[in-house]
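Novice:
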Amino acid sequence: MWNDKVQNEVVKHLNDIVGHEIKSNRVTVIPLEKVILASKIPTTDYSPSPVWTNYDKSKTIWFYMSCNDRKICDELANQMRSNPNQFDHLKLLYSLSSQTSQTKQTTIRIDSLTSGQMVSTLLQKFENKNEIFLTANDEKKMLTETATNIRMDTFDDYEVGSPNTESQISDILKGMLVTSKATITKQSDKMWDSVFWNDDNYRPDKTTKTLNEIINKMDKETQKKLADMFQKAEKQSEITEKLTSSNKEEERKGEEQVRRKNQSKDANENERKRSQATDQVNPAAIKLDLSGGGKFAVDYNNTHNTEQENEKSGRAKTNSDEYGRKLENKEKIQHNFDLSSWDDVDRISSTISGKMAKDSDRSRRVEKSKEEMAKLLQESKNHVQWDGEKFVPKPMQLSRINLAKFRDSQSFQDRNDRVRYTTAELSAPIKIMEHSELTVTDEWNNLKDEFKETQKELVKTRADLTKNLDGLSSKLKGIVPFFKII
């Protein structure tokens with residue numbers, strides 16, 4: 001790849017940029033040995049893996065994205081398929097194995113806390129309360145958003161915090177802002193008025209009340225169907241919890257494997273001379289592979305094809321593919337169970353909506369469209385349960401947040417801490433390019449649509465065959481067999 005012709009072109013380009021002559025013998029190739037996916041802007045719902053990956057001349061390098069919860073991850077995967085250009089804020093940073101980590105001071109100020117969208121929303125919504133409650137997911141979202149903003153303010157564009165930097169800052173914030181834990185179990189508990197929910201209409205105490213009002217208006221058959229749906233959802237929740245726990249362990253093992261591989265690679269690469277790095281690879285196109293839950297892969301043109309490197313690339317790809325398949329299989333199991341346990345939601349939503357609209361007692365009549373009913377059921381699915389007689393909120397552990405600390409800027413004391421980081425040698429933007437292997441599709445929805453059409457065609461074909469057989473049978477009855485003996 002690197003030869004006299006390429007060197008001369010690079011020298012000519014550099015001469016044009018700097019405005020004076022540069023000797024060709026002063027231009028050489030820097031062996032960039034590590035790469036990491038980073039973002040130019042804060043992202044709170046998802047984040048690239050904070051672990052450097054070895055730039056080992058393999059054809060494909062995998063980058064993993066972490067999400068706050070499954071719903072966000074599914075939405076992220078859909079966005080990657082349908083509109084990948086919105087991810088142009090992602091970039092690649094390259095570094096040397098010889099690069100050592102450094103430390104610098106980060107400061108948590110009052111404006112660091114109040115500048116985030118989540119905290120601003122809380123202060124506005126609960127302007128008369130000094131103490132509120134957050135679910136585990138909302139607590140994590142608030143801490144992650146604030147920690148991300150502090151990290152972005154602390155580091156320059158070419159500085160990359162250590163893998164535990166954000167968790168280190170989050171732990172400090174948690175100690176400052178989360179005062180205690182509380183569990184809420186009853187619908188009538190007054191704590192609900194201080195619980196943050198994205199849409200108060202779907203807060204569990206309110207959806208519980210609405211569902212009980214609805215089920216009492218239904219006939220016995222519809223009551224049983226509605227109760228069964230939530231009992232099945234409860235079983236699915238238990239399976240999901242086990243799968244999530246297992247997935248987290250797989251992710252931990254995957255990251256640990258990457259770290260061990262990087263350490264081994266560093267030990268070998270530090271002994272190699274830079275002059276041996278003339279055989280380089282250049283980025284060609286970005287590829288999105290979503291089969292394992294939202295993964296980025298970058299393809300490279302590679303001219304280094306020794307048997308040793310091929311063997312390394314093969315092993316790396318095998319390990320990555322195996323890990324991806326494990327995650328994919330678990331997600332398929334969870335997704336299939338979800339479909340089987342909640343596949344009546346449209347039908348029962350339509351039934352309930354129709355019965356409520358026809359209620360003979362005008363004083364009890366409530367107009368609710370099929371879509372509104374379906375959303376109510378979906379929003380209640382993970383937070384409401386059937387106890388055998390009525391709907392009740394699921395017990396929920398909440399974090400008590402001291403909002404007064406956000407408002408008292410006078411008494412707030414800045415908090416300083418030391419964080420570790422490494423410096424990248426090169427930054428490269430990611431360009432979304434047209435590629436024959438990157439056809440944007442929504443495979444699952446397409447398959448469902450194709451299945452529905454196939455099902456309709458099969459029903460029609462069966463009806464036609466039955467009709468033809470009946471007609472043929474009638475004709476055969478009128479035929480008298482004739483045999484001629486020779």
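According to UniProt numbering, the stretch in the sequence shown is residues 1 to 486, in order.
Every residue, glycine too, gets a C-beta built ideally from N, C-alpha and C.
Since we're looking at a predicted model, the values are computed, not measured.
1. Looking at C-beta atoms only, is the number of pairs between the region 156-164 and the region 177-190 that lie closer than 8 Å three or more?
2. Short of 6 Å in beta carbon distance, which residues of its chain neighbour Glu145, apart from the five on each side in sequence? Order them along the chain.
3. For the beta strand (DSSP E) holding Met38, just list the boundary residues, first then last.
4. Which residue's Cα is closest to the Cα of Ala147: Leu177, Asn468, Ser24, Gly354?
5. Please tell me whether Thr100 and Leu398 are closer than 9 Å, where the distance is taken between their beta carbons.
6. Count the other CB atoms, across all protein chains shown, that sit within 10 Å of the CB of Asp289; report buried if there are 16 or more and exposed otherwise.
7. Would you mind sorting Gln378 into buried or exposed? The rule is 16 or more other CB atoms within 10 Å of its CB.
8. How is Gly19 classed by DSSP in three states: helix, strand or coil?
9. Residues bridged to Ser95 by DSSP?
10. With distance defined between alpha-carbon atoms, name the residue in Tyr94, Ile352, Asn382 nearest to Glu371.
11. Can you tell me where the beta strand (DSSP E) holding Ala77 begins and where it ends?
12. Which residues does DSSP list as the beta-bridge partners of Asn416?
13. If the criterion is Cβ atoms closer than 9 Å, does the pair Thr207 and Ser98 meet it?
14. Counting Cβ pairs, one atom from each stretch, are 3 or more of them under 8 Å apart for the region 406-416 and the region 105-114?
15. Do you know whose CA, among Thr165, Ala233, Gln7, lies nearest Asn149's CA?
16. On the CB-based measure, 16 or more other CB atoms within 10 Å of its CB, does Ser49 come out buried or exposed?
17. For Val6 and Asp417, what's the separation of their Cα atoms in angstroms?
18. Quick one: what's got a C-beta closer than 6 Å to Ile215's C-beta in the same chain, skipping five residues either side?
19. Would Ala424 pass as a contact of Leu37 if the rule is Cβ separation under 9 Å?
20. Determine the DSSP secondary structure at Met142, reduced to helix, strand or coil.
21. If distances are taken between C-alpha atoms only, which option among Leu426, Asp414, Pro42 comes closest to Arg109?
22. Hey, quick one: how far does the alpha helix (DSSP H) through Gln86 stretch, first residue to last?
23. Pull the bridge partners of Ser350 from the DSSP assignment, please.
24. Ignore the nearest five residues each way along the sequence and tell me which others in Leu96's own chain have a CB closer than 8 Å to its CB.
25. When the Cα atoms are used, what is the spatial distance from Lys358 to Phe391?
26. Looking at Asn402 and Thr121, is the spacing between their C-beta atoms short of 9 Å?
27. What are the boundary residues of the beta strand (DSSP E) that Phe391 is part of?
28. Output needed for Asp88: all residues of its chain with C-beta closer than 8 Å, excluding positions within five of it in sequence on either side, in chain order.
29. For Val27, collect the residues of the same chain with a Cβ closer than 8 Å to its Cβ; drop the 5 residues on either side in sequence, then sort them by chain order.
30. Using the three-state DSSP reduction, which class does Thr422 fall into: helix, strand or coil?
31. Sorted by chain position, which residues of the same chain lie with C-beta nearer than 8 Å to Asp138's C-beta, five sequence neighbours on each side aside?
32. Out of curiosity, what's the CA-to-CA distance linking Asp4 and His20?
33. With Met218 as the anchor, note down where its beta strand (DSSP E) starts and where it stops.
34. If Lys140 sits next to Asn68, beta carbons under 8 Å apart, how far is it from one beta carbon to the other, in whole angstroms?
35. Where does Ile430 sit, in a helix, a strand or coil, going by DSSP?
36. State yes or no: is the C-beta of Lys355 within less than 9 Å of the C-beta of Asp228?
Specialist: Per the coordinate set shown:
1. Taking 8 Å as the limit for Cβ pairs, the verdict is that the region 177-190 does not touch the region 156-164.
2. Once the five neighbours on either side are set aside, the close Cβ partners of Glu145 are Thr44, Gly116, Met118.
3. In the sequence as displayed, the identity of residue 38 is Ala instead of Met. Looking at the DSSP string, the run of the beta strand (DSSP E) that includes Ala38 is 34-39.
4. Checked all of Leu177, Asn468, Ser24, Gly354; the closest Cα to Ala147 is Leu177.
5. Going by C-beta atoms, Thr100 is not nearer than 9 Å to Leu398.
6. Residue confidence for Asp289 is low, a pLDDT of 41 falling below 50, so the modelled location carries little weight; the figure read from the coordinates is stated next. Flag for Asp289 reads buried.
7. Of the residues assessed, Gln378 falls on the exposed side of the cut-off, its CB having fewer than 16 other CB atoms within 10 angstroms.
8. In the three-state DSSP reduction, Gly19 falls in the coil class, being neither helix nor strand.
9. Ser95 has Lys34 as its beta-bridge partners, per DSSP.
10. Considering only alpha carbons, the answer is Ile352.
11. Counting along the chain, Ala77 falls outside any beta strand (DSSP E), though it belongs to the alpha helix (DSSP H) covering 70-82.
12. Paired residue(s): Thr107.
13. The answer is no: Cβ separation not under 9 Å.
14. In this structure the region 406-416 lies against the region 105-114, because at least three pairs of beta carbons, one per stretch, are closer than 8 Å.
15. When only C-alpha atoms are compared, the closest one is Thr165.
16. Its Cβ being crowded by 16 or more others within 10 Å, Ser49 is buried.
17. Val6 and Asp417: Cα-Cα distance of roughly 46 Å.
18. Taking Ile215 as the centre and dropping the five residues before and after it, the same chain places the C-beta of Gln223, Leu226 closer than 6 Å to its C-beta, in chain order.
19. No, the Cβ-Cβ distance between Ala424 and Leu37 is not below 9 Å.
20. If DSSP states are grouped into helix, strand and coil, Met142 belongs with the helices.
21. Comparing alpha-carbon positions, the option among Leu426, Asp414, Pro42 lying closest to Arg109 turns out to be Asp414.
22. Secondary structure note for Gln86: it is in no alpha helix (DSSP H), with a DSSP letter that is neither H nor E.
23. Note: Ser350 sits in no beta bridge, so no partner.
24. So the qualifying residues of the chain are Ile30, Pro31, Leu32, Glu33, Lys34, Glu425.
25. In a straight line, the C-alpha of Lys358 is about 23 Å away from that of Phe391.
26. No, they are not a contact pair.
27. Note, Phe391: beta strand (DSSP E), 391-393.
28. Taken in chain order, the residues that qualify are Pro429, Ile430, Lys431, Ile432.
29. Closer than 8 Å at Cβ, skipping near neighbours: Gln7, Val10, Val11, Leu14.
30. In this structure, Thr422 counts as strand in the three-state DSSP scheme.
31. Only Met118, Phe196 meet the Cβ criterion.
32. In this model, Asp4 and His20 are separated by some 20 Å (Cα to Cα).
33. Boundaries for Met218: no beta strand (DSSP E) harbours it, and the DSSP string shows neither H nor E there.
34. That pair is a contact at about 6 Å.
35. DSSP places Ile430 in coil when its eight states are reduced to three.
36. Between Lys355 and Asp228, the C-beta gap is not smaller than 9 Å, which leaves the two residues out of contact.
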